[in-house]
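Protein chains: 2
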Amino acid sequence: MKTSDRKPRVVIVGAGFGGLRLARELRRAPVEVRLIDRNNFHTFQPLLYQVATAGLEPEDIAHAVRGIFQKQKNFQFRLGAVVGVDRAAKTVRLADGEALPYDYLVLAAGASTNYFGAEGAETYGFPLKSLTDAVRLRNHIIRQFEAADRDPSLIEAGALTFVVVGGGPTGVETAGALLELFEKVFAKDYPHLPVEKARVMLVEAAPDLLGGFHEASKRHARETLDKRGVEVITGAPVVRVTPEAVRLADGTAIPARTLVWAAGVRAAPLADALGFEQTTAGRIVVAPDLSVPGRPEVFVIGDLAGSRDEAGNLHPQLAPVALAGARHVARQIRRRMTGAPPEPFRYRDRGIMATIGRHAAVAEFGGLRTQGFLAWVMWLFLHLVMLIGFRNRLNVLVNWAWNYFTYDRGARLILEVPPEPPHGGAAPRQRSGVRPASRIS
Amino acid sequence: MKTSDRKPRVVIVGAGFGGLRLARELRRAPVEVRLIDRNNFHTFQPLLYQVATAGLEPEDIAHAVRGIFQKQKNFQFRLGAVVGVDRAAKTVRLADGEALPYDYLVLAAGASTNYFGAEGAETYGFPLKSLTDAVRLRNHIIRQFEAADRDPSLIEAGALTFVVVGGGPTGVETAGALLELFEKVFAKDYPHLPVEKARVMLVEAAPDLLGGFHEASKRHARETLDKRGVEVITGAPVVRVTPEAVRLADGTAIPARTLVWAAGVRAAPLADALGFEQTTAGRIVVAPDLSVPGRPEVFVIGDLAGSRDEAGNLHPQLAPVALAGARHVARQIRRRMTGAPPEPFRYRDRGIMATIGRHAAVAEFGGLRTQGFLAWVMWLFLHLVMLIGFRNRLNVLVNWAWNYFTYDRGARLILEVPPEPPHGGAAPRQRSGVRPASRIS
């Protein structure tokens with residue numbers, strides 16, 4: 001603890017892919033690492049849709065941050081929500097009033113949902129960005145089937161119509177998984193219900209699904225979804241959402257009580273509170289080395305960073321970019337401490353992939369392109385490797401594979417947990433007022 | 442569906458041990474079974490304390506009711522809260538206004554927490570009767586450590602003092618598990634916190650722990666808890682609870698922000714709403730065959746039933762009694778349909794056991810008594826067999842054993858899920874008003 005007076009303090013905001021990797025990369029650097037997140041766990045976001053569709057349990061894709069860093073001596077975790085940065089004092093301000101000093105600050109707070117101004121979407125749509133979002137959606141989906149089971153007339157009213165908005169990988173994956181849940185599980189769970197009347201619709205504003213993918217991948221995704229029974233509607237922006245219907249730009253109204261909003265992301269709200277220059281969808285403008293222009297001690301990585309490739313295009317908001325950014329910034333901090341000049345961040349695109357459901361996916365790696373079963377196995381393998389890397393236990397593999405292959409699983413619970421302990425004794429109340437920075441470490 | 446007009450309808454209220462077993466026992470009986478529960482899952486209550494102390498994941502001890510009965514043709518599940526019974530019309534009234542007709546009604550709604558009038562206990566104490574209770578308590582415990590980690594002065598104020606009230610098996614098990622969580626997991630998770638200052642206190646109003654157990658078992662439990670560091674206080678009723686302290690009858694005030702209330706149970710609130718005669722702690726008075734006196738078509742089983750042994754003592758409120766009651770009532774219903782006279786319910790006590798923590802338990806079977814490691818292995822084995830029987834999948838064994846033996850687990854998440862979908866489209870709103878009974882089936 002004594003040495004913390006000497007060593008530069010690196011404060012990282014966000015325990016997503018970027019934040020976690022950066023903290024880990026700095027494990028042997030002569031710095032003190034402080035990682036802040038509003039949750040005490042890391043969420044493996046690429047598989048949130050599996051939790052929402054009852055394929056995986058919440059604990060399968062989340063891991064306590066403290067558990068990951070138990071053996072890293074120069075690491076400390078801080079549970080809290082960052083509300084601002086005092087650039088003059090070089091402190092990060094937390095919602096509970098505390099001010100955390102930093103020598104280097106790395107913003108890795110990720111992205112939130114972008115509703116593109118669709119009326120009612122934020123109020124009535126279900127986003128899919130957090131573990132809470134996923135469990136809430138799971139609860140809601142099951143409730144619709146329970147409601148229809150006791151009153152089948154609700155089916156006409158849209159109780160079993162599930163509209164997924166957004167034809168990117170998340171939307172495609174969610175639509176495919178919903179249909180499988182209904183056909184493989186709910187058809188048996190609700191023998192008295194005409195489950196075949198359940199509809200899954202995938203609505204996309206652009207003319208195509210999977211924008212950014214190769215023409216052949218797009219076609220394969222669409223054909224696969226068609227064949228499996230997902231109703232795909234493209235070129236159809238959603239303009240209005242109510243609890244009972246989804247209205248498209250052409251005036252069509254779809255009676256539906258569930259709208260999954262997977263149409264896009266924007267920078268985490270924190271980005272708007274900092275006063276840094278922003279670019280498309282709130283991303284923070286960064287210098288080539290990922291630092292904030294004029295603020296060499298502040299870096300931005302991952303979905304929050306408005307970093308660009310050589311052609312001037314914004315990097316995609318994907319986990320690999322965040323991981324590469326983390327490695328880069330770890331290296332820049334080390335260089336900075338030895339007086340070496342900054343290096344520009346370069347992201348080498350390793351490819352993109354999306355799963356369409358069981359035994360179907362598309363994948364593109366440089367010139368290579370594959371689809372169908374092989375692509376699906378690759379997707380499965382890559383996600384398992386990543387997931388196990390984070391959870392660091394073989395057990396997940398067993399559990400995951402079992403759940404995924406057998407559909408014999410316990411995850412379809414309607415589980416509700418009140419957000420605040422309604423009964424006192426709670427920690428995060430007024431108790432912790434502003435206190436001297438020296439108390440933090 | 443047509444035959445449902447002919448076959449007697451057995452409505453079972455509650456998907457606990459008794460309700461589930463009864464539904465299953467009736468699978469070949471010429472009846473239609475309707476099982477009602479406010480949750481869509483069965484909770485394996487004996488292991489709730491494991492979820493609260495992050496040893497197991499919620500999904501490990503819960504299973505979707507519909508999944509359990511997928512293959513039972515004469516079974517239907519209804520999600521809902523029973524608020525009353527119309528004895529003249531022979532219908533069960535649900536919170537959403539629907540009235541479910543029955544020919545036989547079996548009340549198996551279980552027990553709720555008994556606060557014995559201790560001031561503030563219901564408001565500030567944490568009960569441990571439902572999965573939500575368990576996750577809420579888990580969230581709260583982790584929050585206390587997070588709060589103390591950022592401000593160690595809170596330790597003096599009771600942030601790391603955990604008072605378990607109730608010296609029965611649940612209290613003993615919870616106290617033991619808390620201490621293990623702190624010593625084996627949190628000591629590593631919070632390297633900057635003096636975790637050894639965390640206190641676990643077990644407070645019991647009676648002079649002894651484990652009332653009902655043999656003198657030697659009581660002694661062993663107390664000695665084991667002492668040795669492991671649980672502070673046991675007996676003969677000390679709790680009279681007042683605030684968010685910051687627990688006050689005992691002798692005036693002692695313990696600064697503590699967490700009170701786990703495991704001091705006792707009373708019949709589920711439903712029992713008070715029915716107008717049937719009640720006995721100790723709200724249990725419904727029953728005839729020797731477990732039917733309600735004067736209401737031969739209404740049965741009560743499990744914790745809700747005020748059934749008695751030959752000596753006139755109330756049966757203990759334990760899972761084995763509920764399971765035996767379920768088998769008995771299934772048989773009585775079958776007999777009733779053939780005109781056979783009712784038989785009295787007899788419960789053969791198979792013994793009692795309680796675990797005190799890793800490698801320590803007490804068990805008593807008739808004249809046989811054992812304690813320590815052997816008793817613990819028996820406890821583990823029995824609970825695994827029961828749990829697997831309900832979940833019906835080997836995977837749980839792997840998961841459970843792995844979690845329990847290695848403590849390398851992902852369950853220590855602060856996971857919150859708002860109780861009602863705040864965004865519309867929700868099912869259980871006003872939508873479903875009262876509708877004709879014929880619509881139900």
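Sequence order for the protein chains is A and B.
All the letters of the first sequence, read from the start, carry residue numbers 1 to 441 under our numbering.
All the letters of the second sequence, read from the start, carry residue numbers 442 to 882 under our numbering.
Cβ coordinates follow ideal geometry from the N, Cα and C atoms, glycine included.
Remark: C-beta atoms of isoleucine 36 of chain A and valine 92 of chain A approach each other more closely than 9 Å. Chain order gives the chain B residues near isoleucine 414 of chain A as Asn480, Asn481, where near means a beta carbon separation below 7 Å.
Ranking A:Glu146, A:Arg240, A:Pro152, A:Ala326 by CA distance to the CA of phenylalanine 299 of chain A puts A:Ala326 first.
About 3 Å separates the CB atoms of alanine 763 of chain B and glycine 743 of chain B; that is less than 8 Å, so the two are in contact.
Contact between methionine 642 of chain B and isoleucine 582 of chain B does not hold, since the beta-carbon distance rounds to 14 Å and is not under 8 Å. Contact check for valine 185 of chain A against alanine 175 of chain A fails: the beta carbons are separated by 9 Å or more. With contacts defined as CB atoms closer than 9 Å, glutamate 560 of chain B and valine 682 of chain B qualify as a contacting pair. Against chain A, the beta carbon of aspartate 630 of chain B has neighbours under 8 Å at Ala64, Arg66, Gly67, Gln70, listed in chain order.
Closest by C-alpha distance to histidine 483 of chain B, out of B:His769, B:Pro499, B:Gly753, is B:Pro499. Taking 3 residues as the minimum length, the beta strand (DSSP E) runs contained wholly in the segment 535-583 of chain B are 540-542, 545-548, 552-554, in order along the chain.
Judged by DSSP in its simplified three-state form, glutamine 513 of chain B adopts coil rather than helix or strand. Here the segment 165-174 of chain A lies against the segment 205-213 of chain A, with 3 or more beta-carbon pairs under 8 Å apart. Residue-level contact check: glutamate 539 of chain B touches chain A, since one or more beta carbons of chain A fall below 9 Å from its beta carbon. For valine 576 of chain B, the chain A residues whose Cβ falls inside 8 Å of its Cβ are Leu415, Val417, in order along the chain. Under the DSSP assignment, glycine 18 of chain A falls outside any beta strand (DSSP E), being part of the alpha helix (DSSP H) whose first and last residues are 17-25.
In this structure, methionine 353 of chain A sits away from alanine 340 of chain A, with a CB-CB distance that is not shorter than 9 Å. For glutamate 57 of chain A, at least one C-beta of chain B is nearer than 9 Å to its own C-beta. Per DSSP, reduced to three states, the secondary structure at arginine 78 of chain A is strand. A direct Cα-Cα distance of roughly 31 Å separates leucine 314 of chain A from proline 101 of chain A.
Within a 10 Å sphere around the beta-carbon of threonine 796 of chain B sit 16 or more other beta-carbons, which makes this residue buried. Looking only at B:His504, B:Gln812, B:Thr779, B:Tyr490, the smallest Cα-Cα distance to lysine 659 of chain B is reached by B:Gln812.
Segment contact: the segment 559-574 of chain B against the segment 669-685 of chain B, three or more CB-CB distances shorter than 8 Å; contact assigned.
Taking C-beta atoms as the reference points, alanine 95 of chain A and arginine 412 of chain A fail to come closer than 9 Å. Boundaries of the beta strand (DSSP E) harbouring alanine 686 of chain B: 686-689, taken from the DSSP string. Counting along the chain, glutamate 173 of chain A sits inside the alpha helix (DSSP H) bounded by residues 169-180. Sorting A:Gly16, A:Ile12, A:Val51 by C-alpha distance to the C-alpha of valine 33 of chain A places A:Ile12 at the top. In the structure shown, the three-state DSSP call for glutamine 773 of chain B is helix. Taking 9 Å as the threshold, the shortest C-beta distance from arginine 475 of chain B to chain A does not fall below it.
Chain A places no beta carbon closer than 9 Å to that of glycine 607 of chain B, leaving this residue out of the contacts.
Of the residues B:Ala704, B:Val701, B:Ala765, B:Gly716, the one whose Cα lies closest to the Cα of leucine 731 of chain B is B:Ala765. If only uninterrupted alpha helix (DSSP H) runs of at least 4 residues are considered, those enclosed by the segment 592-673 of chain B are 610-621, 656-669. Only residues of its own chain outside the window of five on either side were considered, and among them Thr602 have a CB closer than 6 Å to the CB of arginine 640 of chain B, listed in chain order. Neighbourhood of threonine 573 of chain B in chain A, by CB distance below 9 Å: Leu415, Glu416, Val417, Pro418, in chain order. Listed as beta-bridge partners of isoleucine 453 of chain B by DSSP are B:Leu476, B:Val547.
At a cut-off of 9 Å between beta-carbon atoms, arginine 640 of chain B makes no contact with chain A.
Looking at the DSSP output, leucine 700 of chain B bridges to B:Val604.
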